[in-house]
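Read top to bottom, the protein sequences are chains A and B. To convert, note that position 83 of the first sequence is 68 in my numbering; the numbers rise steadily by one, no gaps. So the mapping is simple: my numbering equals the position in the second sequence, first residue as 1, plus 21. The structure appears right after this line, and notes come after that.
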Amino acid sequence: GESVGLHLPTLSVQEGDNSIINCAYSNSASDYFIWYKQESGKGPQFIIDIRSNMDKRQGQRVTVLLNKTVKHLSLQIAATQPGDSAVYFCAENMNRDDKIIFGKGTRLHILP
Amino acid sequence: KAGVTQTPRYLIKTRGQQVTLSCSPISGHRSVSWYQQTPGQGLQFLFEYFSETQRNKGNFPGRFSGRQFSNSRSEMNVSTLELGDSALYLCASSLAAGTGYNSPLHFGNGTRLTVT
């Protein structure tokens, strides 16, 4: 498959365990944060988003946590499955008129 | 509802040539953005179009251009191709201008451009 990053940080997780992917964002003025998942050969797929006035948001098997004090964002995936294997990107922007800035990505590897 | 469609899926061009990539957004989406993805630089914003007007532009040379049609479909053009233009070019659409909470970008699977 296509490689989206040759030297990405890699997180290896046992199937069935929970995964936590971390992201440090750059701009303290950022108002909106998003997590994307990119599988080999595909474009980024939207997972979940959160606004700066929120600390936590839950979706199906995923939770995003936002800590504005230390400019940190995390994505928690419950009961990790083989289909979760992908590169995960966090992204941020200041407002609707601004472009989205993507992080470098983390590769999630699922161990059988 | 069909997702974002990009054509062609793969392209091989030689230096100095030009190329046009096409993107059809999700039905009803009026904003189209383009990104370049490379292993070294990651995802970098090229430009965004809304209602046939360029709203925002990234830090790319003028060889990179785009346009949007009245049906929201978009094309991007790269002229005088260089080896460094080899990348995955991704198109994304959203309902309204820009992107925000509950109105995220939805990406296509990209066009893989190889310049030899």
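Using N, Cα and C, we set each Cβ at its ideal position, and we do this for glycine too.
Excluding five sequence positions before and after A:Ser13, the CB atoms of its chain that fall closer than 8 Å to its own CB belong to Lys53 and Lys56, given in chain order.
Close CB contacts of A:Thr48 within its chain, under the 6 Å cut and outside five residues either way in sequence, are with Gln61 (chain order). In the assembly as shown, B:Tyr31 is an exposed residue. Its beta-carbon has fewer than 16 other beta-carbons within 10 Å. At a cut-off of 9 Å between C-beta atoms, A:Gln43 does not count as an interface residue with respect to chain B. Between the region 1 to 16 of chain A and the region 77 to 85 of chain B, the count of Cβ pairs shorter than 8 Å is below three; the stretches do not touch.
Residue burial is scored here from C-beta neighbours: A:Thr91 has at least 16 other C-beta atoms within 10 angstroms and is therefore classed as buried. Taking the Cα of A:Pro67 as reference, the smallest distance to any Cα among A:Leu(-7), A:Val(-2) and A:Pro(-6) is reached at A:Val(-2).
Residue pairing from DSSP places B:Val53 in a beta bridge opposite B:Tyr70 and B:Ser114. Taking the Cβ atoms as the reference, A:Phe87 lies roughly 10 Å from A:Gln23, outside the contact range of under 8 Å. Burial state of B:Glu69 is buried, judged by a 10 Å Cβ sphere holding 16 or more other Cβ atoms. With a threshold of 9 Å between beta carbons, A:Asp82 makes contact with chain B. By the rule that beta-carbons nearer than 9 Å mark a contact, A:Pro29 touches chain B.
Interface annotation, B:Ser54: in contact with chain A, CB-CB separation under 9 Å. Residues of chain A with a Cβ closer than 7 Å to the Cβ of B:Leu134 do not exist, since the nearest Cβ in that chain sits about 12 Å away.
With respect to the C-alpha of A:Ser59, the residue from A:Asp69, A:Asp40 and A:Glu0 having the closest C-alpha is A:Asp40. When the beta-carbon positions are compared, A:Tyr17 and A:Phe31 stay at least 9 Å from each other.
Around the beta carbon of A:Ala76, 16 or more other beta carbons sit within 10 angstroms, so the residue counts as buried. For A:Asn78, the enclosing beta strand (DSSP E) covers residues Ala71 to Asn78.
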